[in-house]
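>
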Amino acid sequence: MKLTLAEVEHIAQLARLELSAAEKELYRQQLSAILDYAARLQALDTSGIPPTASVLPPRSVLREDEPRPGLPIEEVLRNAAQIDDHQFRVPPVLE
Amino acid sequence: MTALSQLTAREALEALELGRISSMELTRACIQQIDRLEPGVHAFITRTSEQALSQALAADTLRAEARQSGQPVPPLLGLPLVVKDILALSGVRCTCGSRILEHFVPPYTATSVQRLLDAGVVVLGKTNTDEYAMGSSTENSAYGRTFNPWDMSRVPGGSSGGSAAAVAARMAPVALGTDTGGSVRQPAAYCGVTGIKPTYGRVSRYGLVAYGSSLDSVGAFGRTAEDAAMLFSAMAGYDPLDATSMDAPVPAIQLNGDANLKGLRVGVPREYFISGMQPEVENGVKQAVKQLAALGASVREVHLPHTEYALPVYYLIAPAEASANLARYDGIRFGERKDGEVMWDIFYRTRGAGFGPEVKRRIMLGTYALSAGYYDAYYGQAQKVRTLIKRDFENAFQSVDVIATPVAPTTAFRAGEHSNDPLAMYLEDVFTLPTNLAGVPGLAFPVGFDKAGLPIGMQLMGPHFREDVLFRAAHAYQQVTDWHKRVPALAQ
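Chains H and S, in that order, give the protein sequences.
Take the first sequence: its position 17, counted from the start at 1, is 17 in this note's numbering, and no numbers get skipped.
Take the second sequence: its position 111, counted from the start at 1, is 111 in this note's numbering, and no numbers get skipped.
1. Quick check on H/Thr52: buried or exposed, where buried means 16 or more other Cβ atoms within 10 Å of its Cβ?
2. So, S/Gln186 versus S/Gly207, is the Cβ gap smaller than 8 Å?
3. Listed from N- to C-terminal order along the chain, which residues in the segment 378-401 of chain S have their beta-carbon within a distance smaller than 8 Å of any beta-carbon of chain H?
4. Looking at S/Gly120 and S/Pro75, is the spacing between their C-beta atoms short of 8 Å?
5. Any Cβ of chain S within less than 8 Å of the Cβ of H/Gln87?
6. Do we get a CB-CB distance below 8 Å when we pair H/Ala112 with the residues of chain S?
7. Suppose the cutoff is 8 Å on Cβ atoms and the five residues either side in sequence are ignored; what does the same chain contact list for S/Gln71 look like?
8. Please state the DSSP three-state secondary structure of S/Ala454.
9. Just to confirm my understanding: we take S/Pro463, look at its own chain, exclude 5 residues before and 5 after, and list those with CB closer than 7 Å. What are they?
10. Look at the Cβ atom of S/Leu261, then the Cβ atom of S/Ala476, and state whether they are nearer than 8 Å.
11. Is the beta carbon of S/Ala165 sitting closer than 8 Å to the one on S/Asn148?
12. In whole angstroms, what is the alpha-carbon distance linking S/Ala252 and H/Ala12?
13. Would you say S/Ala15 and S/Leu79 are within 8 Å of each other, going by their C-beta atoms?
14. Report the neighbours of S/Glu341 on chain H: residues whose CB is nearer than 7 Å to its CB, in chain order.
15. Could you tell me the alpha carbon to alpha carbon distance between S/Gly19 and S/Gln55, rounded to whole angstroms?
16. If you drop the 5 nearest sequence neighbours on each side, which residues of the same chain put their C-beta closer than 7 Å to that of H/Ala81?
17. Starting from S/Asp179, trace the beta strand (DSSP E) in both directions and tell me its first and last residue.
18. Is it the case that the segment 309-321 of chain S contacts the segment 426-437 of chain S, given that we only count it when at least three CB pairs across the two stretches are under 8 Å?
19. Go ahead and pull the three-state DSSP assignment for S/Pro187.
20. Quick check on the DSSP output: the alpha helix (DSSP H) that includes S/Arg47 runs from which residue to which?
21. Would you say S/Pro240 faces chain H, with C-beta separation under 8 Å as the test?
22. Under three-state DSSP, which class holds S/Gly439?
23. Closer than 8 Å is the cut-off here; do at least three beta carbon pairs connect the segment 405-418 of chain S with the segment 450-466 of chain S?
24. By a C-beta neighbour count over all protein chains shown, 10 Å radius and 16 as the cutoff for buried, is H/Ile73 buried or exposed?
25. Determine, using beta carbons only, whether S/Met1 comes closer than 8 Å to chain H.
26. Sort S/Val250, S/Gln33, S/Lys360 and S/Val167 by Cα distance to S/Lys84 and report the nearest one.
27. Ignore the nearest five residues each way along the sequence and tell me which others in S/Arg265's own chain have a CB closer than 6 Å to its CB.
28. By alpha-carbon positions, which one of S/His418, S/Thr481 and S/Asp468 ends up nearest to S/Arg494?
29. If you reduce the DSSP assignment to three classes, tell me which class S/Asp151 lands in.
30. Taking S/Lys360 as the query, report the chain H residues whose CB atoms sit under 8 Å from its CB, ordered along the chain.
31. Is any non-hydrogen atom of the ligand NAD found closer than 7 Å to the C-beta of H/Glu18, if you look at the structure I gave you?
32. What three-state label does DSSP hand S/Gln71 in the structure shown?
33. Over what stretch of residues does the beta strand (DSSP E) that includes S/Lys195 continue unbroken?
34. Skipping 5 residues on each side, what residues in its chain have a beta carbon closer than 6 Å to that of S/Met461?
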């Protein structure tokens, strides 16, 4: 399994990660090696084996939808880089 | 009396109860020990000494009042604790070992931490971790690496290396850690302390910054099984704030001086004694199993045939979950931001600049495993093989109560040894990953030392929700051995 530079760039784009040229080359090599190692899973016959959805016994986790107090808005906004009138401020989404 | 920082949690709580020491004295002794050793060990990212002294004073006041009125006090009143810096404590910054959260101050407290605060603990600080708990050496922290108190050229293990090193160095009697693939047990083994990874869903994950949500567990460190059990008991149990927390009864863990393990069935899996492992580790664990037998346990061989697949399964599933969980770090609502003309630029630059190399590697790996065209072959297949691993444990626990194995193939390795080879680093977790994949509990504790003077750890694994059996077995072992009482030279 040898990843190409284009594949690495595609994954980085999906993950919204800015990578330097050196990082791209490093991850191209390292991810190829890790995926080679992981390829041994393909040899196992898993037909009829369900994927693990949860390690715990299935049970209902539904509850009544009752209103309850949330965190104060000032507390929630305190960690934001930019706020404006009790809202998160962001630049334009479209170019 | 021995120096107060050398006391176990049990000894400290007894001395507090008898009025022989105050929490102020105990807390000051821990702070002094930290002052003395922190420049070398570097166990902490953020210290909270002022706050700790206020909590200690309040604890002493409450205890004095309760003595007057005859009221009971919370079980851990006045006991110093350190907390891995990936669990939220309201008002104290929580970095997760990452630059991207350098100034993040959570507005709420993790349930696990809150339950210990309610039980009366004093918090000395937040401990170092591999960034977002991704690592096995505490070298991947943006705040510098932690050193192993037994040998400063070695790593303390990871990712909860700061907590394990702090407990080993007698900076605190007990600590909180988290374990997604071995991050409590492996540092416990490398640092010669006792660490519990509870059953998945046993301790609330609310306020634990998410890495691999189907694997993450909040765990505890102590220098004895008894101390780790005290912490575990105080924080276990259902929490409506975590939909995966289980509404299962938490049995009281009664540990006394009785070292009788008659009736306990111990399984030893051949698959956990692999070629290439350090012979002293293999011998140490085999000797410890003999000791369990000498205490009355019966020992038999068990098989966990899919063990060899746990590593590739984990390193597809955990990064896949991480790539989704870490999508939230976009520079908008919290965390450091790198500005850009349009919002996409903010995302790219913020994440490119804010995450370290291992986090980026796992995000890339996980994104690939989940991407169109590769999902079935990688993530989908890994989840099926995970079912086979889980079934291995179900089958084995038909015939035994606990499974005994090494914690890691070697004792603590040298800093920098695996820096350029991620796969070699991942192999350090080969014996601890399967429990996370199956959701079963695991306990690590010291069972010897190698020729270099480094601790050797044994792991006991049990069925879902049977942490009590693991604690009982390790406690019995610690009644008749004294490996857990050894102190690193620098901490004496």
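The beta carbon of each residue, even a glycine, is placed where N, CA and C say it ideally should be.
In terms of the structure at hand:
1. buried
2. Annotated as distal: S/Gln186 and S/Gly207, with beta-carbon spacing of 8 Å or more.
3. Tyr378, Gly380, Gln381, Ala382, Gln383, Lys384, Val385, Arg386, Thr387, Leu388 and Lys390
4. yes
5. no
6. One cannot answer for residue 112 of chain H here, as it falls past the ends of chain H, which runs 1 to 95.
7. Glu65
8. The displayed chain sequence assigns Leu, not Ala, to residue 454 of chain S. Three-state DSSP puts S/Leu454 in coil, outside helix and strand.
9. Phe397 and Val440
10. Their beta carbons are under 8 Å apart, which means S/Leu261 touches S/Ala476 by this criterion.
11. Yes.
12. So the two alpha carbons sit approximately 49 Å from each other.
13. It is not a contact, given that the beta carbons lie outside the stated cut-off.
14. Pro91
15. For S/Gly19 and S/Gln55, the distance between alpha carbons rounds to 17 Å.
16. none
17. Val174 to Asp179
18. yes
19. Helix at S/Pro187.
20. Taken as a continuous stretch (DSSP letters only), S/Arg47 belongs to no alpha helix (DSSP H), being part of the beta strand (DSSP E) at Phe44 to Arg47.
21. Contacts with chain H at 8 Å (Cβ-Cβ) include S/Pro240.
22. DSSP places S/Gly439 in coil when its eight states are reduced to three.
23. yes
24. exposed
25. Summary for S/Met1: the model assigns pLDDT 43, below 50, so the residue's position carries little reliability; its value from the coordinates is reported in the next sentence. Chain H, which has no Cβ nearer than 8 Å to the Cβ of S/Met1, makes this no.
26. S/Val167
27. Ser298, Val400 and Asp401
28. The question about residue 494 of chain S has no answer, for chain S in this structure spans 1 to 492.
29. strand
30. Leu17, Leu19, Glu23 and Tyr27
31. The ligand NAD is absent from the structure shown, which contains no ligands of any kind.
32. coil
33. A small fix is needed here, since residue 195 of chain S is Gly in this sequence, not Lys. Where S/Gly195 is concerned, the enclosing beta strand (DSSP E) stretches over Thr194 to Lys197.
34. Beyond the five residues adjoining it in sequence on each side, S/Met461 comes within less than 6 Å, by CB distance, of Ile403, Thr435, Val440 and Gly442 in the same chain, given in chain order.
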